[in-house]
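Trainee: Once you've had a glance at the structure underneath, I'll fire off some questions.
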Amino acid sequence: PAPQPTQPQPASAPGGLPQQHQHQPAQAGYGQQATAPQPVQQQPTPATASTPAQPSSQSGGAAAAAASVSAPGFEDIVGSINTCIQALTQCALNGMDRKQLGEVNKAIPILFKKLNSGDIPEDAVVQLRGVAQCLNARDWQGAAASQSRLADQHWTDHKAWLRGTKFLIQMASKKL
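The opening position of the sequence shown corresponds to residue 18 in the numbering used here, with each subsequent residue numbered one higher.
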């Protein structure tokens, strides 16, 4: 017979991590209450975080619409915006910046879906191309001016995504 270990060895859970046995209570120090061990949650990394630049095709909804802009001529708009968002996700962001980026990440898929379905008038598309060109050139003032004109003319019907483009340009001008 093989020699038996003197202490029981923890069983491995999937992933090779030891399992906690239920019969072993958690240890508490003086003046502390014993608590059950809490599971460790994996924090998202930039490679696994979902942004409009890398939408999941299985998620459905607006994020999937962002990936499926198929009408010709919109690739410049989509590419410029996604490049800008991706660059911002790599920056150090404070609480307000993270909140604004969250608003951008809600608004931009709406824009992409409306582009794909033809719900944006041609004059607005022309102005969006101007915004995209300014984003590519890092001309934040030009992008803000173009976005402002666009909002002046189309706010009532398109405020859901216009607000996000404004935040995107504001953040880019500060962080990029």
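Just so it is clear, CB atoms sit at the ideal spot from N, CA and C, and this is done for glycine as well.
Within the same chain, show all residues whose beta-carbon is closer than 6 Å to that of residue 137, passing over the 5 residues directly before and after it, in chain order.
Mentor: The residues are 131.
Trainee: So residue 184 is in the alpha helix (DSSP H); what residue range does that whole segment cover?
Mentor: Where residue 184 is concerned, the enclosing alpha helix (DSSP H) stretches over 157-192.
Trainee: Rounded to whole angstroms, what is the Cα-Cα separation between residue 143 and residue 112?
Mentor: Taking the straight line from one Cα to the other gives about 34 Å.
Trainee: Taking 8 Å as the threshold, find out whether the stretch 164-171 comes into contact with the stretch 107-123 through three or more Cβ pairs.
Mentor: With a cut-off of 8 Å, the stretch 107-123 and the stretch 164-171 do not count as touching, because too few Cβ pairs lie within range.
Trainee: Using alpha carbons as the reference points, say which of 108, 100, 181 lies closest to residue 191.
Mentor: The shortest C-alpha separation from residue 191 is found at 108.
Trainee: Where does the unbroken alpha helix (DSSP H) through residue 93 begin, and where does it stop?
Mentor: Counting along the chain, the alpha helix (DSSP H) containing residue 93 begins and ends at 92-106.
Trainee: Would residue 182 pass as a contact of residue 148 if the rule is Cβ separation under 8 Å?
Mentor: A contact, by the Cβ cut-off of 8 Å.
Trainee: Find out if the Cβ-Cβ distance for the pair residue 193, residue 155 is shorter than 8 Å.
Mentor: It is a contact, given that the beta carbons lie within the stated cut-off.
Trainee: Exposed or buried, which one is residue 32 when buried takes at least 16 other CB atoms within 10 Å?
Mentor: Any reading at residue 32 must be qualified, since the residue scores a pLDDT of 48, below 50, and its modelled position is unreliable; the value itself is stated next. That one is exposed.
Trainee: Once the 5 residues before and after residue 93 are set aside, which same chain residues still bring their CB inside 7 Å of it?
Mentor: Closer than 7 Å at the Cβ level, and outside the excluded window around residue 93, lie 146, 149.
Trainee: For the ligand SAH, any of its heavy atoms closer than 7 Å to the Cβ of residue 135?
Mentor: Looking at this structure, you won't find the ligand SAH or any other ligand, since it has none at all.
Trainee: Could you tell me which of 128, 185, 175 sits nearest to residue 158, measuring between CA atoms?
Mentor: Looking at the Cα atoms, 185 is the closest of the given residues.
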